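Following: one structure in C-alpha cells, then a few remarks.
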Amino acid sequence: MGVREDARRGGIDMTPWGKFDRGRGAVYALLFHLLDVAAIAGVVWDRYLTRSQRRLIAAGLGLSLDEARCLVMFIAGLHDLGKLSAFQGQEAVPWAQVSDTLRGDARGWKRMPHERASMHSALHLLAEAGYPVDTSDSVGVLVAQILGGHHGRFLQVDIDGAARASRVGVTLGGPAWRDLRRRYFALLRHLTGATAVPADVSVPAAVLITGVGVIADRLASQGHYWLPKAQAPAFGAADHYAQAVREAPGVLEQSGLTRITLPHTSFSRAHGGLETPNALQASVIGQLAPVVGEKGAGIVVVTDATGGGKSVTALEAARIFNACGDTAGILWLLPTMATTDAAYDVLEAYVAAHRPGHAPVSVVHSHSYRNAAYTDHRLAAHEPSTSDAFWPGDDGDGGDGGVPAGERPEEKVTVPDGWLRGWDRALLAQFTVATHDQALMAVLPVRFSALRMLALSGRTVIVDEVHALPPFMRLMLGRLLHWLGALGCPVVLLSATLPQHVSRELVRSYLDGAGHPYSETAALDCQPPYPGWLYAAAFDASLTRISPAAAAAHAERHRRRADIRLHPVHHPSCTDPEDAPPRETRLERTAQEIAPVAESGGCAAVYCATVADAQATYEHLRTALDWPDGGPEGQLVLLHARLPGDQGEALNRHVRTVLSRGGRRPRRLVVVTTSLLDMSLDIDVDVMVSDLAALHTLLQRLGRLWRFDSVARPAWMRGHPRPRLSVLQPTDHHGRTLLPPAWRALDSPFLPLATAEYLAHRHQGPLTLPDDIQHLVQSVHGDAEDLATASAALRRSHTLHLARRRTEEHHSALHLVPAWHETLSLSDLHRQNLHAREAATRLGVMPRRLLPVYRTSGGRLTLDAAGTRPLPRQRKPTTAQTRTILRHTLPVPAAWVPGRSLRNQVPASWRTHALLADLVLLVQDADNPAQPVRFGRHLLHLDATLGLVHTRE
Numbered sequence: 003m004g005v006r007e008d009a010r011r012g013g014i015d016m017t018p019w020g021k022f023d024r025g026r027g028a029v030y031a032l033l034f035h036l037l038d039v040a041a042i043a044g045v046v047w048d049r050y051l052t053r054s055q056r057r058l059i060a061a062g063l064g065l066s067l068d069e070a071r072c073l074v075m076f077i078a079g080l081h082d083l084g085k086l087s088a089f090q091g092q093e094a095v096p097w098a099q100v101s102d103t104l105r106g107d108a109r110g111w112k113r114m115p116h117e118r119a120s121m122h123s124a125l126h127l128l129a130e131a132g133y134p135v136d137t138s139d140s141v142g143v144l145v146a147q148i149l150g151g152h153h154g155r156f157l158q159v160d161i162d163g164a165a166r167a168s169r170v171g172v173t174l175g176g177p178a179w180r181d182l183r184r185r186y187f188a189l190l191r192h193l194t195g196a197t198a199v200p201a202d203v204s205v206p207a208a209v210l211i212t213g214v215g216v217i218a219d220r221l222a223s224q225g226h227y228w229l230p231k232a233q234a235p236a237f238g239a240a241d242h243y244a245q246a247v248r249e250a251p252g253v254l255e256q257s258g259l260t261r262i263t264l265p266h267t268s269f270s271r272a273h274g275g276l277e278t279p280n281a282l283q284a285s286v287i288g289q290l291a292p293v294v295g296e297k298g299a300g301i302v303v304v305t306d307a308t309g310g311g312k313s314v315t316a317l318e319a320a321r322i323f324n325a326c327g328d329t330a331g332i333l334w335l336l337p338t339m340a341t342t343d344a345a346y347d348v349l350e351a352y353v354a355a356h357r358p359g360h361a362p363v364s365v366v367h368s369h370s371y372r373n374a375a376y377t378d379h380r381l382a383a384h385e386p387s388t389s390d391a392f393w394p395g396d397d398g399d400g401g402d403g404g405v406p407a408g409e410r411p412e413e414k415v416t417v418p419d420g421w422l423r424g425w426d427r428a429l430l431a432q433f434t435v436a437t438h439d440q441a442l443m444a445v446l447p448v449r450f451s452a453l454r455m456l457a458l459s460g461r462t463v464i465v466d467e468v469h470a471l472p473p474f475m476r477l478m479l480g481r482l483l484h485w486l487g488a489l490g491c492p493v494v495l496l497s498a499t500l501p502q503h504v505s506r507e508l509v510r511s512y513l514d515g516a517g518h519p520y521s522e523t524a525a526l527d528c529q530p531p532y533p534g535w536l537y538a539a540a541f542d543a544s545l546t547r548i549s550p551a552a553a554a555a556h557a558e559r560h561r562r563r564a565d566i567r568l569h570p571v572h573h574p575s576c577t578d579p580e581d582a583p584p585r586e587t588r589l590e591r592t593a594q595e596i597a598p599v600a601e602s603g604g605c606a607a608v609y610c611a612t613v614a615d616a617q618a619t620y621e622h623l624r625t626a627l628d629w630p631d632g633g634p635e636g637q638l639v640l641l642h643a644r645l646p647g648d649q650g651e652a653l654n655r656h657v658r659t660v661l662s663r664g665g666r667r668p669r670r671l672v673v674v675t676t677s678l679l680d681m682s683l684d685i686d687v688d689v690m691v692s693d694l695a696a697l698h699t700l701l702q703r704l705g706r707l708w709r710f711d712s713v714a715r716p717a718w719m720r721g722h723p724r725p726r727l728s729v730l731q732p733t734d735h736h737g738r739t740l741l742p743p744a745w746r747a748l749d750s751p752f753l754p755l756a757t758a759e760y761l762a763h764r765h766q767g768p769l770t771l772p773d774d775i776q777h778l779v780q781s782v783h784g785d786a787e788d789l790a791t792a793s794a795a796l797r798r799s800h801t802l803h804l805a806r807r808r809t810e811e812h813h814s815a816l817h818l819v820p821a822w823h824e825t826l827s828l829s830d831l832h833r834q835n836l837h838a839r840e841a842a843t844r845l846g847v848m849p850r851r852l853l854p855v856y857r858t859s860g861g862r863l864t865l866d867a868a869g870t871r872p873l874p875r876q877r878k879p880t881t882a883q884t885r886t887i888l889r890h891t892l893p894v895p896a897a898w899v900p901g902r903s904l905r906n907q908v909p910a911s912w913r914t915h916a917l918l919a920d921l922v923l924l925v926q927d928a929d930n931p932a933q934p935v936r937f938g939r940h941l942l943h944l945d946a947t948l949g950l951v952h953t954r955e
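Heads up: the sequence shown at position 163 corresponds to 165 in the numbering used here, and the numbers run straight through without jumps.
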C-alpha cells in the first residue's frame with residue numbers, strides 16, 4: 003500500500019498509543035500525536051518564529067522558506083517515532099489494544115528511551131530517503147540527533163555501533179514494527195510536503211529546529227488538547243491532520259506565544275511622560291535607525307553615568323531593531339532579582355503604553371513567585387502546577403477584594419497566559435525581564451538548552467549592568483554573545499562603569515559568532531565614547547558611533563559635581579592593641595552622618611558590606627539617634643536578602659516607589675541596606691553612607707545621590723553645594739586599610755583596597771560627572787598595574803587578584819558549550835550531563851532555601867508564631883499554597899545548614915514537588931521564637947525586623 007492509501011481511514015494500523023491517561027483510561031493514537039505536533043510546528047513557524055529565525059533556518063538547510071517550513075514540520079512530527087518499540091509494552095491498558103500482528107512481533111525487543119529509539123530508527127529511514135548518514139556531521143545524522151534531542155539533550159549517534167541497522171532492527175521489534183515505522187515516516191513526509199532533502203544542517207539552524215519541536219510537542223501534549231480527541235470518533239490520518247492544521251492557530255493563540263507588533267505610540271507615552279528624548283536617546287533615534295535599516299542586526303554598547311537615561315536608550319534601540327521586521331520583542335537581563343523586579347515594572351509599563359490587544363510580559367528568576375506585581379489571580383485551568391491564585395486583596399470568596407476594575411492582573415493585557423506561566427517556559431514570552439543567570443544557562447550543557455536558546459533569539463536582548471559580572475560570568479556572557487551573533491539576534495549592552503578591555507572582548511565575541519573571526523577584528527577599535535554608544539553590525543563588522551556633538555551635548559546636560567569622602571573607621575572585627583588610642587568606630591561615624599536626617603528630615607541610604615553589618619547598623623541607629631514623630635518605625639527601614647521573600651519584596655517595592663521620580667517622598671526615611679539597591683534602580687536620596695567597596699560600585703551608588711533635579715532638598719542641606727558620598731574605610735590602628743574577614747569573600751579584595759588607595763591619593767577636589775568616570779574606572783578596574791605598585795601589600799593583592807581572575811575563567815570554561823563553528827556533532831552541546839540544579843552561573847554560589855516555621859504547643863507546624871497558618875502536610879500543596887510557602891523562604895549559604903535532622907526535612911507530601919523538595923525547615927518554638935535553632939556550629943533564628951540572624955560558635 004502507498005501513502006495515499008495509508009492516509010485514508012483504516013488504511014494504516016493506528017493501534018500503537020502515544021498518550022495515555024490512567025485516570026480516565028483514555029488512549030490516544032501515536033500517529034495522531036505525531037500529526038498534531040507536525041501541524042502545531044507549522045503554526046509555530048508562522049506565528050512564533052521571527053523573519054530572521056525563519057531565514058536562518060532556511061539558509062542553514064540550503065532550502066527555500068517554504069521547503070524549510072515543511073521540513074521543520076516533518077522533523078517535529080517524527081520526534082516520537084521511537085515509541086513504535088518496546089515503549090508500547092510499559093502500560094498494560096493501551097498495550098492490550100495494540101493489534102495482534104504487532105503484539106506477536108515483539109519478541110526480542112529491548113527497552114530504550116524512546117528519544118534514542120526515535121534517533122536510531124529515523125537514521126536509516128532518512129538514509130533511504132536520500133539523506134547522507136556516513137559521518138557524524140552528515141545531514142541525516144544531524145536530523146536524527148534533532149529527534150533525539152526533543153527531551154532536552156542531544157545524543158551521540160554511534161553509526162557503526164548501537165545505531166547500525168542490524169542492531170536497530172533487533173532492538174526495536176520485528177518486521178511488522180519496522181514496516182510500520184517506515185510507513186509512519188512516509189506518511190508524515192507526504193502530509194507535511196517535506197520532499198526536499200536539505201543540502202546542509204547548520205548547527206544554529208539545528209538548535210532552533212529542536213526548540214520548535216519541543217514547543218510543538220509540549221503544546222500537543224496538553225491534556226485538554228488531546229483528551230477530547232482521544233474520545234472523539236476515529237478519522238483517517240489525512241482527515242485528522244487536516245483538522246489538526248485547522249486547530250493549531252487556536253492552540254498557539256491560547257498559549258500566548260503568537261508574536262504581535264506593538265502599535266505605534268509617542269515617545270512621551272512610551273516612556274512614562276518624558277517630554278522629549280535627551281541627546282543620547284535622540285542620537286540613537288536619529289543615527290542608529292538608518293544604519294540598522296541598511297545593515298540589520300548587530301551589537302550596541304551604551305555607556306553613560308547612572309541617571310543618564312540608559313534604560314530608555316536601550317528600549318529605543320530595541321524598537322529600532324524590531325522595526326526592521328527581523329525581530330520582535332525584548333529580553334531584558336539584569337544582575338539581581340531586585341533589579342529584575344524593578345525592570346519588570348518598567349517594561350510592563352512600556353508595553354502597556356502601546357495599548358496592544360494582548361502582549362504577555364514575563365519575569366524570570368529563581369524567585370519570581372514572590373513578585374506581587376507578577377502574580378496571577380487565576381489558577382491555570384490546564385496547568386495547575388504552573389500558576390497561582392494569590393492577588394493582594396482577595397477575600398477568598400470570589401469577591402473583588404476592593405481592587406478597582408481593570409487593575410486585577412487577569413484584566414491587564416500584559417499578564418502571561420497559563421501556559422507561559424510555566425516555570426521553564428516563561429522565557430518564551432515575547433517581552434521578558436530575567437536575571438543574567440537565566441540567559442547564561444543557554445550556554446551550559448543542561449537539559450532544554452536548545453529551547454532556552456530559541457527563547458533568547460528572535461528579539462532584542464538588553465544586557466544591563468554588564469560591569470557587575472565577575473570574570474566567571476563574563477566569560478559565559480562572551481560565549482552567549484557568540485551564539486546570539488550566530489543567530490542574528492540584536493544585542494544592547496548597558497553599563498555606567500565598563501572597562502575598555504571588557505567592552506572590546508564582548509563586542510568581538512558577538513562578531514565572532516556572526517562570522518567575523520577574532521583574527522579579523524584584532525585591530526577593531528570597539529571602545530564606545532563616554533558617554534555615548536557604539537554599534538557593530540553583524541553583517542560586515544562595521545562600526546558606527548554617536549556623533550561627537552551629541553556626546554558633548556549629553557555630557558553638558560548631565561554634568562554635575564560630587565564628592566567622595568573617605569572616613570577611616572574601626573570595624574568591630576579588628577582588635578586594636580590595648581595601648582592604641584581610641585578611634586572612631588564604623589557605627590559612630592554612620593550615626594553622625596545620619597543624625598541630621600533623623601533630627602530634621604530627608605532621605606538617606608546606608609550601604610553595608612554584609613547582612614550582619616546591616617543588622618548591627620540598623621540596631622545602632624534605632625537606639626542611638628533621637629527619632630521624632632513616634633520613633634523609628636516607618637522612618638528607619640532595614641532591607642537585605644535574608645528577609646522572608648514576601649517581606650523583602652514588599653519593602654523593596656515600597657522603597658523603589660517612594661524614592662522614585664514621581665513617588666510621594668516621605669518627610670524622613672533612612673534605608674539601611676546591602677548591595678540589594680546597587681543597580682538599575684531609579685531612586686534618589688539626599689544623604690548616602692557606604693562601606694568601602696570596589697570603585698565601580700561606589701560610582702553606581704553615587705548615581706542615586708541627588709539624582710533628580712526636581713527634588714527639593716531638606717532645609718538643613720541648603721549650605722551643601724553638591725552631593726557627598728561618605729565612604730567608611732575600615733583600617734587598623736596604623737591607619738592602613740584592613741578588610742574584615744567577612745568582606746573578603748564578597749569580591750576580590752584587591753578592588754576595595756585599590757579603591758581606598760586611589761581615593762586617598764587623588765586630589766581633594768570634587769568629581770566631575772560624567773567626565774571623570776571612565777578615567778576612574780580604568781584606574782582601578784582597567785589597567786591597575788601602576789596603582790598596584792603603591793605598596794608591597796597592594797602588589798601581593800594584585801597578584802592574587804589576577805590569579806583569582808584566571809581561576810574563575812578556567813572554572814567557567816570547563817562547562818561552557820563550544821562555539822557553534824567548533825560543534826561537529828550536536829552531542830558536543832551536551833558532552834557533560836549537567837543538571838540545571840547543579841549548573842553554576844555564579845562561582846561558589848549554591849545557596850539553600852530556608853523555610854522558617856513555628857511549632858505550636860500542640861505540635862503543629864505553622865508559618866506564623868500565632869499558629870493561624872498551618873503547613874499543608876497530608877496532601878501535596880496546591881498551587882496557591884506552594885506560592886505562599888515559597889514567599890516565606892529565604893536564601894542561606896549551604897554551609898549554614900549542615901547536619902540536618904529529620905525535624906528539618908519537609909513533609910513527605912512535598913518531596914516530589916520540584917520547588918519544595920529541597921527546602922530546609924527552620925523549626926522555631928512558637929512560644930519562644932527568639933530561641934536560636936542549632937545547625938552544627940551555626941545558630942539561626944528569624945527576627946520580625948532584623949530578618950534571619952546568624953551567629954557561629
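The C-beta atom is built at its ideal place from N, Cα and C for all residues, glycine as well.
Everything numeric in this text was worked out from a predicted model, so none of it was measured.
The C-beta distance from L694 to T770 rounds to 23 Å, too long to meet the 8 Å contact threshold. Secondary structure at P893: strand, using DSSP grouped into helix, strand and coil. Judged by DSSP in its simplified three-state form, G310 adopts coil rather than helix or strand. Beta-bridge partners assigned by DSSP to P732: V571. Ranked by how close their Cα comes to the Cα of R561, the residues L568, R663 and A553 have A553 in first place. In the displayed model, D631 falls within coil according to three-state DSSP, outside both helix and strand. The three-state reading of DSSP puts P872 in strand, counting E and B together. In the three-state reduction of the DSSP assignment, M121 falls in the helix class. Taking R559 as the centre and dropping the five residues before and after it, the same chain places the C-beta of N280 and A281 closer than 7 Å to its C-beta, in chain order. In this structure, C528 is the residue among A516, G490 and C528 with its C-alpha nearest to the C-alpha of R506.
As summarised for the segment 669-741, the continuous beta strand (DSSP E) elements at least 3 residues long and confined to that stretch are 670-675, 689-693 and 726-732, given in chain order. By the 16-neighbour rule on beta-carbons within 10 angstroms, Y186 is buried. The bridge partners DSSP lists for R764 come to none. Between the C-alpha atoms of L67 and R57 there is a straight-line separation of about 7 Å. A residue is called buried once 16 or more other Cβ atoms fall within 10 Å of its Cβ, and K312 is buried on that count. Collapsing the DSSP output to three states places Y50 in coil. A538 is a Cβ neighbour of G300, given a cutoff of 8 Å.
The alpha-carbon of V199 is positioned some 39 Å away from that of L545. Proximity of the segment 733-751 to the segment 570-580 meets the contact definition, three or more beta-carbon pairs being nearer than 8 Å. With respect to the 8 Å criterion, L125 and V159 are classified as neighbours on the basis of their beta carbons. In the structure shown, the three-state DSSP call for P854 is strand. For R764, the closest of A272, L789, D107 and L500 by C-alpha to C-alpha distance is L789. Residue pairing by DSSP places Y537 opposite V302 and T546 in a beta bridge. Across the structure, L483 and R183 are spaced so that their CA atoms are roughly 41 Å apart.
The continuous beta strand (DSSP E) containing C605 extends over residues G604 to Y609.
Where Q780 is concerned, the enclosing alpha helix (DSSP H) starts and stops at I775 to H783. The beta carbon of A40 sits closer than 7 Å to those of M75, F76, A78, G79, L190 and T194, all from its chain and outside the five residues before and after it, given in chain order.
The alpha-carbon of T825 is positioned some 7 Å away from that of L831. Judged by pairs of C-beta atoms under 8 Å, the segment 161-174 does not touch the segment 19-37, as fewer than three such pairs exist. Per the DSSP secondary-structure output, V363 pairs in a beta bridge with F433. With fewer than 16 other Cβ atoms inside 10 Å of its own Cβ, V95 counts as exposed. Taking a C-beta distance under 8 Å as the contact criterion, A239 and L37 qualify as a contact pair. DSSP places W111 outside both helix and strand once states are collapsed to three, so it counts as coil.
Counted as a single uninterrupted DSSP element, the beta strand (DSSP E) harbouring S497 occupies residues V493 to S497.
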